[in-house]
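Residue numbers (my numbering), protein chains in the order written: chain A, 24 to 402; chain B, 389 to 751. Cβ atoms here follow ideal geometry from the backbone N, Cα and C, with glycine treated the same way. Please read these numbers as outputs of a predicted model, since none were measured by experiment. Only one structure is covered here, and it is reproduced in the block below.
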Amino acid sequence: MEKPIISVKDLIVGFYTHGKKVDVIRGVSLNVYRGETLAIVGESGSGKSVFTKTFTGMLDANGYIKQGEILFDDMDLAKVAKKSRSLKGKEKIVLENKDSNGPKPMSKKDWLKIRGKRIATIFQDPMTSLNPLFSIGFQISEVLIKHHHMTRKQAKEEAIKLLEKVKIPDAARRYRDFPFQYSGGMRQRVVIAIALACRPEILICDEPTTALDVTVQNQILDLIKELQQEYKWTTIFITHDLGVVANVASRIAVMYGGQIVEYGTSEDIFYRPAHPYTWALLSSLPQLGVKGEPLSYIPGNPPTFSSEIIGDAYAPRNKYALKIDFLKESPMFQISETHFAKTWLLDPRAPKIEKPVVIQELTKRMAAAAKELKREVEE
Amino acid sequence: MSKVINHYNRLNYGTVKDESLINKILDAEYEKDLKKDPQYVKSKVQGQLKNPDDAIVKFRDVRISFKMGPVERIVVDHLNLDIKRGEILGLVGESGSGKTTIGRAINRINDVTKGVIAYNNVPISGKIEHAIEREIKTKVQMVFQDPSASLNERANVDYIISEGLRAFHLYHDEQDRLNKVMAMIEQVGLRPEHLKRFPHEFSGGQRQRIGIARCMIMNPEFVIADEPISALDVSIRAQVLNLIKDFKERHNMTVLFIAHDLSVVKYISDRIAVIFAGKIVELAPAQEMFDYPLHPYTIALLSAIPIPDPKIESKKKIQVYNPQMHQYTKDDLPELVEIRPGHFVRANKKELAEYQKVLGGKK
């Protein structure tokens, strides 16, 4: 099999909050392959952003990697060189990897070579990720000067080229403009241009279209797809909207409660979903709602992690929960070569369960929705 | 004084059956314009409902503009819209199209530069009597987009929900107020112990529920829901949508539902108005809008809705709307025309003929 570009094994990420240690990522293993588009889907609070932040060493100050490894080339991104932190002066925790075998721990300097240069991130809100006090041109050429050691003049030329790449009209003039003079979609294009500047190997898109209109969202998604074909990077796409990922993703991982509950190719997830949480996510899409019937939704709230989670994290909200779901965590069951799901329902001893109506006739409903939206459908 | 009470009663019981007050104001405005420009032609003002008395809110030739220094920017112009009593009207458009401005104009947050907005046939735009303004502020309520920005961070839920009650003295005593708040908080699916908590302790969906409770406790006749679900997760969107629909059915309210996503609006609303650059381009019953979309902008919006099916998505082509595609000349200006019963589209005569051909082919 192909060698993954990033390989995560048994990652556990914790946070110190209110004087407590809380595990937010609870044992995630995942391979990301070169050139693919992997989508990570989940509700807010499922840990999908925290998970990808570990790839660039951007965890918040109170976060730490408790266990596991993230292999990228010959480096282990999970190994922090030294990080000490005192909790209200009471105890001092020093995190240091002392085992000498294996890859070298990451120092601050090592991070600078990876963050932005080899792994770049596009954030949700383009207004907060751009500095309002500097012109767009400055912010793009800054990256070029720093990472590619260009002169100011070269950087400007290159920056204008990049702006044209992301289809900003009249790029030479808009180079001098400030973020507030751009619309939301345009700002997101600028952020993409900044990410492009370093020609990263991996591009993490953290809900890049959530703050945008539907029409603009489409344009941005298309732009990312188009540029990916040209630059051949690997995209990790984070979103809460399964409707969006059908367009972009080649593989999808569904996250819930700090764990990956199901992953597979996008055909696996959309045509043969196996986990009740994936069912619930799919059936709550308003595109598939039938007028006059109440929309189905997921009752309750995502887990808060403040108390220990026993068994399956999704069990309290799950209509199809078995008794064992409340007692013991399910292992990852393999359904096909590419498709895995973490639910006891796949155990041979589990009772047979009827999938919800929406999921049973998912393809039918989707064809109907497509017809309604004036798209061509193969009969 | 008697005049004020009279006016107040009209608003209360909808006793004004004709549009005389509205027409009077429109006529006066027309004369003013005529003085400025002798060539001025009065714009055609017409209702969109069979029975004009069904309308709870009427927009007649409304223009809303903002002054940025010496420059006046017209955001909404020539807006004619009837909102039927008891319906959910979806207002769809991209950001900057003026949809929020329209909602806020009803609530008198934005001033109307020209034209009239009427509530139960009583004009509520421009200078109006204090009593009417007070009445409007209780009967028309809003649900806002961002549930974290629209709640006071320093007030507990109890205070947030009952602020409207306090402002208008809508309770007898403290116990009565508390009972009302308790009843409301249960209706939106929160628990009584949540009353003493602060907004930051809640998740996005719960915060939006607080926003809805704050709106519904005033027992409004008319609710403006300004993108209430855009900032929420998909799984929680459905909860909030169901909640709004539930309230609407139980209390027989009228809802103006503002959104940028047609798929959501289709599910919840009875009629849909598509707005582009401050002008309504298409207005039709929800199902009709999806069956026979006519205006190119509506078609572009429809094509933008993502379908959760990789096979269909891979073949998709987005249609981009270019406003320059219309060839409007001076003597063939576009108007909002009724092309089928209840289905209005903005077109000039040439386009209208084309649209009719499209409709004829599909029937």
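DSSP-derived helix/strand/coil call for residue i
i	result
M129 of chain A	strand
R141 of chain A	coil
Y762 of chain B	No answer is possible for residue 762 of chain B: the residues shown for chain B start at 389 and end at 751.
V51 of chain A	strand
M278 of chain A	strand
V603 of chain B	Checking the displayed sequence, the identity of residue 603 of chain B turns out to be Cys instead of Val. Looking at C603 of chain B - three-state DSSP - the assignment turns out to be helix.
S109 of chain A	The predicted model places S109 of chain A with a pLDDT of 48, which falls under 50 and marks its position as unreliable, so this point remains unresolved.
R57 of chain A	coil
V31 of chain A	strand
T489 of chain B	helix
K190 of chain A	coil
E401 of chain A	Note that E401 of chain A scores 48 on pLDDT, short of 50, meaning its location in the model is unreliable; the coordinates nonetheless yield the value given after this. In this structure, E401 of chain A counts as coil in the three-state DSSP scheme.
S702 of chain B	helix
V433 of chain B	coil
F294 of chain A	Correcting the residue identity first, residue 294 of chain A is Tyr in this sequence and not Phe. Note: Y294 of chain A maps to helix in three-state DSSP.
D546 of chain B	helix
K455 of chain B	strand
Classification of residue i by the beta-carbon crowding that lies within 10 angstroms, buried from 16 upward
i	result
R554 of chain B	exposed
N154 of chain A	exposed
K579 of chain B	Reading off the sequence shown, one finds Arg at residue 579 of chain B, where the question assumed Lys. Exposed.
Q211 of chain A	buried
G112 of chain A	At G112 of chain A, the pLDDT of 48 sits below 50, so the modelled position is not reliable; the number obtained from the coordinates is stated separately. Exposed: under 16 other Cβ atoms inside 10 Å.
L345 of chain A	buried
N498 of chain B	buried
S109 of chain A	At S109 of chain A the pLDDT is 48, less than 50, meaning the model places this residue with poor confidence; the figure from the coordinates comes in the next sentence. It counts as exposed.
E285 of chain A	buried
Q542 of chain B	Note that residue 542 of chain B is Arg in the sequence shown, not Gln. Exposed: under 16 other Cβ atoms inside 10 Å.
A571 of chain B	exposed
Y428 of chain B	exposed
E419 of chain B	exposed
Y343 of chain A	buried
R597 of chain B	buried
E401 of chain A	Interpretation of E401 of chain A is limited by its pLDDT of 48, a score under 50 that renders its predicted location unreliable; the figure taken from the coordinates is listed afterwards. Under this definition E401 of chain A is an exposed residue.
E701 of chain B	buried
N468 of chain B	buried
T174 of chain A	exposed
N509 of chain B	buried
S306 of chain A	buried
K438 of chain B	exposed
E224 of chain A	buried
D335 of chain A	buried
K179 of chain A	buried
K394 of chain A	exposed
D415 of chain B	exposed
Contact with chain E by residue i, beta-carbon distance below 7 Å
i	result
P317 of chain A	No chain E appears in this structure, whose protein chains are A and B.
CA nearest to the CA of residue i, picked from the options
i	options	result
V669 of chain B	B:P535, B:K487, B:V576	B:K487
F129 of chain A	A:S158, A:K169, A:I183, A:M81	Before going further, note that residue 129 of chain A is Met rather than Phe in the sequence given. For M129 of chain A, the nearest C-alpha among the options comes from A:M81.
G160 of chain A	A:Y198, A:P322, A:P192, A:V277	A:Y198
G323 of chain A	A:L53, A:M278, A:E66, A:V55	A:E66
I663 of chain B	B:K438, B:V480, B:S431	B:V480
P684 of chain B	B:K424, B:I700, B:I706, B:I548	B:I706
E92 of chain A	A:P223, A:A391, A:A101	A:A101
K378 of chain A	A:M355, A:E316, A:K394, A:H298	A:H298
D148 of chain A	A:K190, A:I215, A:I142	A:I215
K255 of chain A	A:L219, A:D348, A:D264, A:I382	A:L219
I727 of chain B	B:D470, B:P673, B:S453	B:P673
F590 of chain B	B:N540, B:R565, B:K424, B:G478	B:N540
R492 of chain B	B:E551, B:L721, B:L477, B:A613	B:A613
E742 of chain B	B:L682, B:I693, B:D697, B:P711	B:L682
Whole-angstrom C-beta distance between residue j and residue i, which should lie under 8 Å
i	j	result
E407 of chain B	K502 of chain B	At roughly 17 Å, the Cβ-Cβ gap does not stay under 8 Å, so E407 of chain B and K502 of chain B are not in contact.
L624 of chain B	G592 of chain B	The displayed chain sequence assigns Ile, not Leu, to residue 624 of chain B. With 8 Å as the limit, I624 of chain B and G592 of chain B qualify as a contact, their Cβ atoms being about 7 Å apart.
T421 of chain A	F260 of chain A	Residue 421 of chain A cannot be examined here, being either before or after the span of chain A that is shown, 24 to 402.
Y507 of chain B	V445 of chain B	6 Å
L318 of chain A	P309 of chain A	6 Å
V528 of chain B	V450 of chain B	No, V528 of chain B and V450 of chain B are not in contact; Cβ-Cβ is about 16 Å, not under 8 Å.
Three-pair Cβ contact test at 8 Å for the stretch 213-233 of chain A versus the stretch 68-85 of chain A: yes
Segment contact, 8 Å Cβ cut-off, at least three pairs: the stretch 608-618 of chain B with the stretch 527-541 of chain B: yes
Cβ contact check for the stretch 135-148 of chain A and the stretch 187-204 of chain A: 3 or more pairs under 8 Å: no
contact_flag[the stretch 24-33 of chain A, the stretch 48-55 of chain A] where n(CB pairs < 8 Å) is 3 or more: yes
Three-pair Cβ contact test at 8 Å for the stretch 642-652 of chain B versus the stretch 679-694 of chain B: yes
contact_flag[the stretch 237-245 of chain A, the stretch 33-51 of chain A] where n(CB pairs < 8 Å) is 3 or more: no
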